[in-house]
Amino acid sequence: MMASNNPSLLRAGCAHSRPSRPQTRRARLPRIQWTALLLVLVCLISTAAALRAEEAVDPNETLVIDPRIPVLEDGKWLFLSQEEIDLRRVRKRAPTGSEDKDEATTTFSIAVPTKTKPSTTTTVPPSPLPSPFDGGLSVNFTVEDGQRKCPTFINSFLGDATFKQCYPFSLLLQGSRSFFSAQRSLVSMTQVLDASCAANSTFCSEYFSNLATNMTADENCGADYRDGNSIVVKAYQAMLAYAPVYTASCLKDPETSMYCFANAVTNLSSPTSPYFYYLPLNRSLPGSSIPACNDCLQRTMNVFHSATADRKQQIANTYVSAAEQVNTICGPNFVNESLAAEASSSAGSRSIPGGGGKPSLWLLGTVLLLTWSSQFLV
Numbered sequence: 001m002m003a004s005n006n007p008s009l010l011r012a013g014c015a016h017s018r019p020s021r022p023q024t025r026r027a028r029l030p031r032i033q034w035t036a037l038l039l040v041l042v043c044l045i046s047t048a049a050a051l052r053a054e055e056a057v058d059p060n061e062t063l064v065i066d067p068r069i070p071v072l073e074d075g076k077w078l079f080l081s082q083e084e085i086d087l088r089r090v091r092k093r094a095p096t097g098s099e100d101k102d103e104a105t106t107t108f109s110i111a112v113p114t115k116t117k118p119s120t121t122t123t124v125p126p127s128p129l130p131s132p133f134d135g136g137l138s139v140n141f142t143v144e145d146g147q148r149k150c151p152t153f154i155n156s157f158l159g160d161a162t163f164k165q166c167y168p169f170s171l172l173l174q175g176s177r178s179f180f181s182a183q184r185s186l187v188s189m190t191q192v193l194d195a196s197c198a199a200n201s202t203f204c205s206e207y208f209s210n211l212a213t214n215m216t217a218d219e220n221c222g223a224d225y226r227d228g229n230s231i232v233v234k235a236y237q238a239m240l241a242y243a244p245v246y247t248a249s250c251l252k253d254p255e256t257s258m259y260c261f262a263n264a265v266t267n268l269s270s271p272t273s274p275y276f277y278y279l280p281l282n283r284s285l286p287g288s289s290i291p292a293c294n295d296c297l298q299r300t301m302n303v304f305h306s307a308t309a310d311r312k313q314q315i316a317n318t319y320v321s322a323a324e325q326v327n328t329i330c331g332p333n334f335v336n337e338s339l340a341a342e343a344s345s346s347a348g349s350r351s352i353p354g355g356g357g358k359p360s361l362w363l364l365g366t367v368l369l370l371t372w373s374s375q376f377l378v
């Protein structure tokens with residue numbers, strides 16, 4: 001069969017073999033629509049997620065940063081401030097008040113740095129301990145036979161090895177510029193208390209009783225004491241009050257194991273708390289004092305109440321009014337408002353000019369018992 005040469009027939013055959021353009025466009029149109037819809041849906045989802053994220057963030061929230069340092073202790077992580085870390089390091093090096101006399105002596109004898117432990121004091125270098133009457137003996141003293149005997153006597157016992165070993169906290173309260181500066185730091189205050197509480201209170205009570213007697217003798221400071229010389233009177237009062245001040249200042253907070261006195265001087269919310277430690281020094285509590293009614297105050301007042309059994313102790317003059325003031329703030333019966341039953345004076349007790357005297361053995365035993373019991377409470 002021969003092919004047809006008719007042009008019209010050829011065009012008709014081509015028309016049947018090629019699809020028309022409108023049909024191709026209609027086939028592609030659904031794909032484009034689905035793609036556009038998918039893009040719109042993705043944009044809507046992204047916008048909604050962004051709006052939720054913006055709503056979740058409060059621009060007014062405060063970022064709280066904890067400056068404390070994580071420390072691993074006994075298998076547990078603790079968050080401590082830098083001052084607390086320094087204090088723990090100091091306490092590990094310092095002798096504790098629970099050591100007996102032999103241990104304390106051994107500690108003092110090996111206090112010189114050795115080659116085996118050269119880095120134990122690099123973090124918190126030990127500072128010199130405050131000393132009593134470091135402001136100088138500038139007041140007028142009596143001159144007898146061209147000599148001022150009293151300053152010579154005072155300087156002699158300030159430099160005595162036994163005096164330094166006892167390190168009387170009561171004398172620091174009476175007059176020490178460096179002690180006033182140490183109260184600004186919890187670490188420094190703890191160092192002072194560690195040194196004071198490491199002393200043998202039984203031995204030191206007897207030592208200061210004899211020293212008070214010798215100081216008021218005519219050949220030493222007797223004339224200046226009778227004239228009311230401020231340095232002599234303060235030193236005398238501090239020597240008599242050594243035992244009750246020692247016991248009260250060495251008490252510790254059972255919750256924190258920190259010294260009650262150190263907490264008192266660094267407690268800005270109760271700035272009058274340290275005033276109670278001056279009661280044994282014949283200083284009355286200021287009427288404006290607002291005490292912190294806590295366990296430390298209650299135990300401190302219990303120590304002073306027991307000390308009033310010796311009526312020659314100056315705390316017998318100041319305790320009652322202070323106790324009444326405490327109960328007014330802290331509630332009735334927070335402390336005992338009356339003096340303790342008076343202890344009978346021992347036959348060997350000596351009287352010191354001015355109404356003071358040697359602390360009785362009963363008082364000393366009571367103070368030591370309170371010290372011993374406080375260690376177990378802590």
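Quick note: full-length UniProt numbering has the sequence shown finishing at residue 378, numbered continuously throughout. A virtual CB, placed ideally from N, CA and C, is assigned to each residue, including glycine.
ASN263 and GLU144 have their C-alpha atoms roughly 46 Å apart. In the structure shown, the three-state DSSP call for GLU337 is coil.
The region 243-250 makes contact with the region 163-180; the number of CB pairs closer than 8 Å reaches 3 or more.
LYS312 sits in coil when the DSSP states are folded into three classes, being neither helix nor strand. Look at TYR167 here: in three-state DSSP terms it is coil, with no helix or strand label. CA-CA distance, ILE290 to THR308, rounds to 23 Å.
With respect to the 8 Å criterion, LEU268 and PHE276 are not classified as neighbours on the basis of their beta carbons. Look at GLN147 here: in three-state DSSP terms it is strand. At the C-beta level, ASN282 and GLN237 come within 8 Å of one another. Ranking PHE261, LYS312, THR266, ASN294 by CA distance to the CA of GLU83 puts THR266 first.
Residue burial annotation: PHE180 is exposed, with fewer than 16 other C-beta atoms found within 10 angstroms of its C-beta. Within the region 254-336, the runs of alpha helix (DSSP H) that reach at least 4 residues and sit entirely inside it are, in chain order, 260-265, 295-307, 315-330. Scanning its chain for C-beta atoms nearer than 7 Å, with the 5 sequence neighbours on each side dropped, one finds around TYR319 the residues LEU279, PHE304, HIS305, THR308, LEU339, in chain order. Counting of Cβ neighbours within 10 angstroms places ARG299 among the buried residues, the total reaching 16 or more.
By alpha-carbon distance to ASN214, the top candidate from GLN174, ILE154, GLN314, MET258 is ILE154. Beyond the five residues adjoining it in sequence on each side, PRO128 comes within less than 8 Å, by CB distance, of SER178 in the same chain, given in chain order.
Within a 10 Å sphere around the beta-carbon of ILE315 sit 16 or more other beta-carbons, which makes this residue buried. Annotated as proximal: PRO132 and SER176, with beta-carbon spacing under 8 Å. The Cβ neighbour count for ASN220, taken over all protein chains shown within 10 Å, is at least 16; the residue is labelled buried. Residue pairing from DSSP places LYS252 in a beta bridge opposite TYR259. With respect to the 8 Å criterion, PHE334 and CYS293 are classified as neighbours on the basis of their beta carbons. Counting C-beta atoms within 10 angstroms of its own C-beta, PHE203 has fewer than 16 neighbours from the protein chains shown and is therefore classed as exposed. Within the same chain, Cβ atoms closer than 8 Å to the Cβ of SER288 are found at THR272, the five residues on either side in sequence being excluded. Only exposed fits ASP160, as fewer than 16 other CB atoms lie within 10 angstroms of its CB. With contacts defined as CB atoms closer than 8 Å, LEU87 and THR256 fail to qualify as a contacting pair. It is roughly 37 Å from the alpha-carbon of SER270 to the alpha-carbon of ASP227. Residues of the same chain with a CB within less than 8 Å of the CB of VAL233, apart from the 5 flanking positions on each side, are TYR225 in chain order.
The three-state secondary structure of ASP227, taken from DSSP, is coil.
When secondary structure is reduced to three states using DSSP, PRO244 falls in the helix class. In this structure, the straight-line span from the alpha carbon of CYS166 to that of LYS149 is close to 24 Å.
DSSP places SER131 outside both helix and strand once states are collapsed to three, so it counts as coil.
Annotated three-state conformation of CYS204 is helix, per DSSP.
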